[in-house]
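Beneath this line is the structure, given in structure tokens, with notes to follow.
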Amino acid sequence: MGLATQEGKIYNKAQDKFKQINKYVELLAHLLIDYPIDKNIKIADMGSGKGYLIALYEFLIKTKNLRCRMTGYEIREDIVTLCNQVALKNEFVGLNFQQKSIEDTIVDDVDMVIALHACNIATDMAIVKGIQAGSQYIIVAPCCHKQVRSAMKHEND
Numbered sequence: 001m002g003l004a005t006q007e008g009k010i011y012n013k014a015q016d017k018f019k020q021i022n023k024y025v026e027l028l029a030h031l032l033i034d035y036p037i038d039k040n041i042k043i044a045d046m047g048s049g050k051g052y053l054i055a056l057y058e059f060l061i062k063t064k065n066l067r068c069r070m071t072g073y074e075i076r077e078d079i080v081t082l083c084n085q086v087a088l089k090n091e092f093v094g095l096n097f098q099q100k101s102i103e104d105t106i107v108d109d110v111d112m113v114i115a116l117h118a119c120n121i122a123t124d125m126a127i128v129k130g131i132q133a134g135s136q137y138i139i140v141a142p143c144c145h146k147q148v149r150s151a152m153k154h155e156n157d
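Residues 1 to 157, numbered by this note's numbering, are exactly what the sequence shown covers, in order.
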């Protein structure tokens with residue numbers, strides 16, 4: 001997905017993104033620490049982009065031994081095709097990507113709605129979709145986190 005070499009070495013330019021993904025997975029893993037392994041967790045990744053949260057799927061099924069069904073929703077057809085190819089190549093049978101905008105996506109029967117750096121109002125729309133679906137977890141990280149962090153820092157000075 002453009003973060004690492006074939007040998008698994010993270011590119012220098014991708015270090016920050018790699019750290020963000022790992023932190024996000026760490027947060028979600030903590031939330032799911034007591035999740036029953038006999039229950040199938042259903043996750044909707046809103047604005048999934050290049051599918052960086054495939055790492056979450058892999059972590060849940062390989063490390064946590066959870067049964068997982070995860071659907072990524074992304075508007076760009078070429079990215080959806082690429083992500084589905086990666087899922088197929090790695091035999092991630094519970095992972096798929098669909099070409100849809102968040103606004104046009106109907107989400108129901110999900111346990112978790114996630115959005116990592118969805119742009120503009122996409123994070124807000126992901127939250128709304130999670131609420132409408134009655135999702136147990138809604139975990140989002142807006143793309144403007146640096147701006148928010150900067151504003152919070154100035155308020156605390």
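A virtual CB, placed ideally from N, CA and C, is assigned to each residue, including glycine.
This structure is a prediction, so every number in the text was calculated from the model and none was measured.
When DSSP labels each residue in this structure, what does residue i get in the three-state scheme?
{"i": "residue 68", "result": "strand"}
{"i": "residue 74", "result": "strand"}
{"i": "residue 113", "result": "strand"}
{"i": "residue 191", "result": "This structure does not reach residue 191, given that the chain is present from 1 up to 157, and the question cannot be answered."}
Out of curiosity, what's the CA-to-CA distance linking residue i and residue j?
{"i": "residue 70", "j": "residue 5", "result": "25 Å"}
{"i": "residue 115", "j": "residue 55", "result": "14 Å"}
{"i": "residue 109", "j": "residue 133", "result": "7 Å"}
{"i": "residue 46", "j": "residue 7", "result": "29 Å"}
{"i": "residue 13", "j": "residue 19", "result": "12 Å"}
{"i": "residue 15", "j": "residue 97", "result": "25 Å"}
{"i": "residue 72", "j": "residue 44", "result": "6 Å"}
{"i": "residue 23", "j": "residue 62", "result": "18 Å"}
{"i": "residue 111", "j": "residue 135", "result": "5 Å"}
Quick check on the DSSP output: the alpha helix (DSSP H) that includes residue i runs from which residue to which?
{"i": "residue 86", "result": "77-89"}
{"i": "residue 44", "result": "Per DSSP, residue 44 belongs to no alpha helix (DSSP H); it is in the beta strand (DSSP E), 40-46."}
{"i": "residue 22", "result": "15-31"}
{"i": "residue 57", "result": "54-58"}
Determine whether the Cβ of residue i lies closer than 9 Å to any Cβ atom of chain C.
{"i": "residue 27", "result": "Absent from the structure is chain C; it holds one protein chain and no more."}
Could you spell out the range, first to last residue, of the beta strand (DSSP E) harbouring residue i?
{"i": "residue 137", "result": "137-141"}
{"i": "residue 97", "result": "95-99"}
{"i": "residue 120", "result": "No beta strand (DSSP E) holds residue 120; DSSP gives it neither H nor E."}
Does the distance from the C-beta atom of residue i to that of residue j stay below 9 Å?
{"i": "residue 57", "j": "residue 94", "result": "yes"}
{"i": "residue 107", "j": "residue 127", "result": "no"}
{"i": "residue 50", "j": "residue 27", "result": "no"}
{"i": "residue 21", "j": "residue 53", "result": "yes"}
Taking three-plus beta-carbon pairs below 8 Å as touching, is the region 38-47 in contact with the region 58-77?
yes
Within 8 Å, do at least three Cβ pairs link the region 117-126 to the region 91-102?
yes
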